[in-house]
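For reference, the structure is listed below as structure tokens.
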């Protein structure tokens, strides 16, 4: 039995967009879908108005998913537990968590709140974020873009997720890496740097990316892979590529007791115009 795909629901249109994306993913992965809603009681007695409201909210979300995604295995679970704790706990046995959010503009990025930030920084499984402005599904043949770190362990974590996503969608995979000129070279004239050093440095980056991709290509010969190496900031590269991608996959670092996810993941959340999968790398 495959691990479930979990989606956090809260009765908003944003969470329904996340449920819709998660249901499509569950069908592709042939995995069960679980709608989760956690809440806390603030009334008196063993049951309060929160219980009935919570059950109605969850039943409504479940009905919506069943009406729009006939044939998938889906269930809804309610827990008297803070939502972030519930999602993090259940993420230990899930293949991914899907959350919804909306974006008001490039400055505000994802509107996540404390729940989203805690799940992002502490969940043991990948977390996919869907926002209203990018929820309409891009073409099935649109690229999946993955930022490939130089560290082997981190690269394998994101590539495992990205290749699986590309396989189930029949989509091409663009494996991207950015690089910077060494500081000593940036102090020389631009013409001299470009003429003497750039080609050899870029070739080395391309070779390193090919080496990292090679075992994954052998394991997934059905996936069309495009190597992409850019000179410049990695965030600018990923944001640019995400504009036409159906999914952006980036690594996510965590620090115990903090909301730290790494500068690349943090910036991608603010500026990338695509659904984003944040994959824990260590």
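Numbering (UniProt numbering), first residue to last: 1 to 282.
No residue lacks a Cβ here, since even glycine has one placed at the ideal position from N, Cα and C.
What you are looking at is a predicted structure, and each value in this text was computed from that prediction instead of being measured.
1) Where do the ends of the alpha helix (DSSP H) carrying residue 25 lie?
2) Determine which residues share a DSSP beta bridge with residue 129 and list them.
3) Suppose the cutoff is 7 Å on Cβ atoms and the five residues either side in sequence are ignored; what does the same chain contact list for residue 298 look like?
4) Enumerate in chain order the residues of its own chain whose CB-to-CB distance from residue 72 is below 7 Å, with the five nearest sequence positions on each side excluded.
5) Could you tell me the distance, in whole angstroms, from the CA atom of residue 233 to the CA atom of residue 10?
6) Contact between the segment 246-253 and the segment 158-166 is defined here as three or more beta-carbon pairs at a separation below 8 Å; is this criterion met?
7) May I have the straight-line CA-CA distance separating residue 59 from residue 155, to the nearest angstrom?
8) Name the two residues that bound the continuous beta strand (DSSP E) containing residue 74.
9) When DSSP labels each residue in this structure, what does residue 268 get in the three-state scheme?
10) Comparing alpha-carbon positions, which option in 35, 147, 280, 180 lies nearest residue 173?
11) From what residue to what residue does the beta strand (DSSP E) around residue 170 run?
12) Which stretch, first to last residue, makes up the alpha helix (DSSP H) that contains residue 208?
13) Do you know how far the Cα of residue 181 is from the Cα of residue 130?
14) Please go through the same chain and pick out, in chain order, the residues whose beta-carbon is closer than 6 Å to the beta-carbon of residue 107, but skip the five residues on each side of it.
15) For residue 168, which option in 197, 140, 41, 66 has the closest C-alpha, if you only look at C-alpha atoms?
16) Mind the definition here: the segment 81-94 touches the segment 118-126 only if three or more C-beta pairs lie below 8 Å; say whether that holds.
17) When you compare only the Cα positions, how much space is there between residue 105 and residue 269?
18) Can you have a look at residue 228 and say buried or exposed, based on whether 16 or more other CB atoms are within 10 angstroms of its CB?
19) Sort out for me which residues DSSP pairs residue 230 with in a bridge.
20) By the three-class DSSP mapping on this structure, what secondary structure does residue 38 have?
21) Using 8 Å for Cβ pairs, my map puts residue 179 next to residue 231. What's the rounded Cβ distance?
22) Can you tell me the Cα-Cα spacing of residue 204 and residue 235, whole angstroms?
In short, the structure shows the following:
1) To locate residue 25, count along the chain shown from 1; it is residue 25. Run containing residue 25: 13-29, per the alpha helix (DSSP H) assignment.
2) As a working mapping, residue 129 is identified with position 129 in the chain shown. Beta-bridge pairing links residue 129 to 99, 276.
3) Because residue 298 is not part of the residues shown, which for the chain are 1 to 282, the question remains open.
4) Position 72 of the chain shown holds residue 72. Counting only Cβ-Cβ distances below 7 Å, and skipping sequence neighbours, we find 23, 26, 27, 33.
5) The residue given as residue 233 occupies position 233 in the chain shown. The residue given as residue 10 occupies position 10 in the chain shown. Using only the alpha carbons, I get a separation of about 36 Å.
6) Cβ pair count under 8 Å is three or more, so yes.
7) For the purposes of this step, residue 59 is taken as residue 59 along the chain shown, with counting starting at 1. For the purposes of this step, residue 155 is taken as residue 155 along the chain shown, with counting starting at 1. It is roughly 40 Å from the alpha-carbon of residue 59 to the alpha-carbon of residue 155.
8) Indexing the chain shown from 1 puts residue 74 at position 74. Counting along the chain, residue 74 sits inside the beta strand (DSSP E) bounded by residues 74-80.
9) Counted from its first residue, the chain shown places residue 268 at position 268. Residue 268 falls in the helix class under three-state DSSP.
10) Position 173 of the chain shown holds residue 173. That would be 147, whose Cα lies nearest to the Cα of residue 173.
11) The residue given as residue 170 occupies position 170 in the chain shown. Counting along the chain, no beta strand (DSSP E) covers residue 170, and no H or E run does either.
12) Numbered from its first residue, the chain shown carries residue 208 at position 208. Following the DSSP letters along the chain, one finds residue 208 inside the alpha helix (DSSP H) bounded by residues 199-219.
13) The residue given as residue 130 occupies position 130 in the chain shown. The residue given as residue 181 occupies position 181 in the chain shown. Going by the C-alpha atoms only, they are around 34 Å apart.
14) By one-based count along the chain shown, residue 107 stands at place 107. In this prediction, residue 107 has a pLDDT of 42, which is less than 50 and means its spatial position is unreliable; what the coordinates show is noted afterwards. Excluding positions up to five away in sequence, the list is empty.
15) Translated into positions along the chain shown, residue 168 becomes position 168. Nearest of 197, 140, 41, 66 to residue 168, Cα basis: 140.
16) Result yes; three or more Cβ-Cβ pairs closer than 8 Å.
17) As a working mapping, residue 105 is identified with position 105 in the chain shown. As a working mapping, residue 269 is identified with position 269 in the chain shown. For residue 105, the predicted model reports a pLDDT of 44, less than 50, meaning its position is unreliable and no value from the coordinates is stated.
18) The count along the chain shown starts at 1 and reaches residue 228 at position 228. By the neighbour-count rule (16 or more Cβ atoms within 10 Å), residue 228 is buried.
19) As a working note, residue 230 is residue 230 in the chain shown. DSSP lists 178 as partners of residue 230.
20) Indexing the chain shown from 1 puts residue 38 at position 38. In the displayed model, residue 38 falls within a strand according to three-state DSSP.
21) Mapped onto the chain shown, residue 179 falls at position 179. Mapped onto the chain shown, residue 231 falls at position 231. Under the criterion of beta carbons closer than 8 Å, residue 179 and residue 231 qualify as touching, at roughly 6 Å.
22) Here residue 204 refers to the residue found at position 204 when the chain shown is read from its first residue. Here residue 235 refers to the residue found at position 235 when the chain shown is read from its first residue. In this structure, the alpha-carbon of residue 204 lies about 21 Å from that of residue 235.
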